[in-house]
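Which chain is which? The protein sequence lines are D and U, in order. Position one of the first sequence corresponds to residue 1 (the UniProt record's numbering), numbered consecutively onward. Position one of the second sequence corresponds to residue 1 (the UniProt record's numbering), numbered consecutively onward. Scroll down for the structure; my scribbles are underneath it.
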Amino acid sequence: MTTVYISRDSGALSLGAEQVAAALRAEAAKRNIHCNLVRNGSRGMYWLEPLVEVATDRGRIAYGPVRVRDVPSLFEADFLQGGSHPLRLGPTDEIPYFKNQERLTFARVGATDPVSLEDYLTYEGYRGLRRALDMAPSAIVDEVTNSGLRGRGGAAFPTGIKWRTVLNTPSDIKYIVCNADEGDSGTFSDRMIMEGDPFVLIEGMTIAGLAVGAAQGYIYLRVEYPHAHRALTEAIEAAYRSGYLGKDILGSGKRFDLEVRLGAGAYVCGEETSLLESLEGKRGLVRFKPPLPAIEGLFGQPTVINNVISLASVPIILDKGGEYYRDYGMGRSRGTLPIQLAGNIKYPGLIEKAFGVTLREILYDYGGGSASGRPIRAVQVGGPLGAYLPESRFDTPLDYEAFSAIWAVLGHGGVVAFDDTVDMARMARYGMEFCAVESCGKCTPCRIGSTRGVEVIDKIMSGIDREKNLVLLRDLSDTLLNGSLCALGGMTPYPVLSALNHFPEDFGVSAAEKVA
Amino acid sequence: MAEHEWDREQVQEVIRSNKDKPGALLPILHGIQDALGYVPPDSVPLIAGALNLSRAEVHGVISFYHYFRSTPPGKRTIYLCRAESCQAMGSAALESHAKDRLNIDYHETTGDGTFSLEPVYCLGNCACSPSIMIGKDVYGRVTADSFDDIIENMQVDAQ
């Protein structure tokens, strides 16, 4: 029986994948054809969604984007045998956008049925955990340290060092917390992996538990991701049923329990200490550090808190070894980064590449330039707290240090493109407004400074005392930068000042008189 | 303001089944909002009592999080993404269209009680911007026309 794949990823669903799946079922029934319909993750080529793949003896053949009205003609073209059709894209693996990636963390996303444990095992799943079960905790931590893995949530702290601290902190109770509060605009790799391969996250967290001696894990998931919630819940149940979670993991005598907790729409809860407060049932106010969460984290106990992609990168590191992973990348940025390309771009999607690929390659070789056909004028990298970069910075390689060197942040690897119709003063104003809406209120610069920032930018945009207000905006930004406890207040100046510095004309300042 | 009727027993059941979890407050608030569509202010003392918290603490948590609401929503809540990727693809125009079409602003509900409108800062559907979410369904590449189609189909459903 032929197997047909249509994604259950929320991006594909948002473009009608559910209706296409229903139409395919109905048309097959009408023609008395039996086929096996699998709802996979997304390959990440969103301009081709809903993408329909058919398993043939020549590999999977892709068709897309498929609309409901295309379904009868697909059957007429005998697509179940890979037949010729205007929407036929050839073998999925040979589509250049997909073929030219280096998929380690995302290796299975789109290939498998995300909630089928059997599929996960067929595609090399749980090999990392099996190896970890035979290792001493310290050896697991060494493997992660050797891989060079740094936190993929934005701060880029070495994962192995964090784990070592938790391992070495004596306590009967320790926790593994997954920060799945991916609130940064332009980022969706966490969502894609939770929807498209939830077992890899579950496996990564289980390995983390073995490494540091934690028996309880929590996934703190954004409420904005209902499809990820469903996929994670189904996968966790399957893992419990088959003994991959629970009080005796694969007969090893080791215990690990895992639960999903929902956030409630607060951006600041993506900050690790706010997240812990929220998980404890409180307002998500940022905590002072020290103590570090690794020493006093959730409920006052030693806690590993890592981003989704960091934890989802652990299984392959344990399976293939730290060195295998470290061989990808450049400088101190090792391994691969799932880059998320969005905004005004012709071919938006998920591109997993070793660190070192340039922004220009991402925007043009993969992205094909803007969706509107107009010049790309500005690119924001790293979410709402990331800098806006002009064309002169497009040759910067994606590498944590290279981005720091140009006063920008790579963050979570989200890339949002804007064409030349963008008003950068408005984007700077939005940066301040976002901070005002989302501030937890603990620090004065963030709580009050962001509201004042909106007012100051309004005055600049209206030409009221422009010179004075530009000085004031820089002064205010300096206070935010240096006087905030967490990245929300501390990094809001990145979008604001980078917009002003790189695009002064939008603020009514001529390039010649710009203050840099 | 008129008090809305709500099912006290349902709330008590949510509290009972969650109160022994570590960090039970958010799961309880989610459970109540899932059941009733909002967290009635009158339920705050029940929650506070069960968790041994002050009413002020419970109220502080409800008001801190954008997602929790203290008034009943419309039959459908439309979450419209205001984040950067959606802005790059025209969400500002979509936003004004939606407000005009529904004749409400953010955090309001249409007069007939059908739709509530809420801003959201990223649905993770940035590669298909601009996006909206209604209930648990996400819609991508939304235009003014497709927005009208979506809500017209919903109104038919709601009847």
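Note that beta-carbon positions come from the ideal geometry of N, C-alpha and C, so glycine has one too.
Query                                                                                                                    : Result
Buried versus exposed, by CB contacts within 10 Å (16 or more), residue 18/U                                             : buried
Cβ neighbour criterion (16 or more within 10 Å) applied to residue 40/U                                                  : buried
Those runs of the beta strand (DSSP E) which lie wholly inside the stretch 16-44 of chain D and span at least 3 residues : 35-38
Same chain only: Cβ atoms within 6 Å of residue 48/D, ignoring 5 sequence neighbours per side                            : 64 and 65
Burial state of residue 36/D (16 or more Cβ within 10 Å)                                                                 : exposed
Residues near residue 383/D in its chain [Cβ-Cβ closer than 7 Å; skip 5 each side]                                       : 184, 185, 186, 187, 411, 412 and 414
Chain U residues whose Cβ lies nearer than 9 Å to that of residue 226/D                                                  : 133, 135, 136, 137 and 138
Residue 317/D and residue 128/D closer than 9 Å at C-beta                                                                : yes
Distance between residue 443/D and residue 449/D (C-alpha atoms, nearest Å)                                              : 9 Å
Chain-ordered chain D contacts of residue 60/U [CB-CB under 9 Å]                                                         : 282 and 283
Where residue 344/D meets chain U, residues with beta-carbon distance less than 7 Å                                      : 88 and 89
Beta-carbon gap between residue 279/D and residue 26/U smaller than 9 Å                                                  : yes
Identity of the residue in 476/D, 469/D, 485/D and 477/D nearest residue 508/D by Cα                                     : 469/D
Option nearest residue 195/D by Cα separation, candidates 319/D, 163/D and 221/D                                         : 221/D
Range covered by the beta strand (DSSP E) that runs through residue 80/U                                                 : 76-81
Within chain D, partners of residue 46/U - CB distance below 9 Å                                                         : By Cβ distance, chain D contributes nothing, its closest Cβ being about 16 Å from residue 46/U, past 9 Å.
Close beta carbons around residue 334/D, own chain, < 6 Å, minus the five adjacent residues each side                    : 148 and 326
Distance between residue 477/D and residue 494/D (C-alpha atoms, nearest Å)                                              : 9 Å
Where residue 184/D meets chain U, residues with beta-carbon distance less than 8 Å                                      : 122
Reference residue 89/U, options 193/D, 344/D, 295/D and 58/D, closest by Cα                                              : 344/D
Cα-Cα separation between residue 228/D and residue 363/D, rounded to whole angstroms                                     : 28 Å
Beta-carbon proximity check, residue 110/D vs residue 171/D, cutoff 9 Å                                                  : no
Within 9 Å, strictly: CB atoms of residue 506/D and residue 426/D                                                        : yes
Selection from 153/D, 356/D, 256/D and 2/D that minimises the alpha carbon distance to residue 179/D                     : 153/D
Start and end residues, alpha helix (DSSP H) containing residue 10/U                                                     : 8-18
Identity of the residue in 267/D, 138/D, 201/D and 264/D nearest residue 258/D by Cα                                     : 201/D
Where residue 444/D falls: helix, strand or coil (DSSP)                                                                  : helix
Secondary structure of residue 81/D, DSSP reduced to three states                                                        : helix
Spatially closest choice to residue 599/D from 133/D, 360/D, 164/D and 283/D, by CA coordinates                          : Since the first residue of chain D shown is 1 and the last is 516, residue 599/D is not available in this structure.
Contact list for the stretch 260-279 of chain D against chain U, Cβ threshold 9 Å                                        : 261, 262, 263, 264, 265, 266, 267, 269, 278 and 279
Residue 424/D - DSSP class collapsed to helix/strand/coil                                                                : helix
Same chain only: Cβ atoms within 6 Å of residue 267/D, ignoring 5 sequence neighbours per side                           : 183 and 438
Bridge partners - residue 330/D, DSSP secondary structure assignment                                                     : 333/D
Identified DSSP bridge partners for residue 216/D                                                                        : 175/D and 257/D
Short CB-CB distance (under 9 Å) between residue 19/D and chain U                                                        : no
Outcome for residue 270/D when other beta-carbon atoms lying within 10 angstroms are tallied against a minimum of 16     : buried
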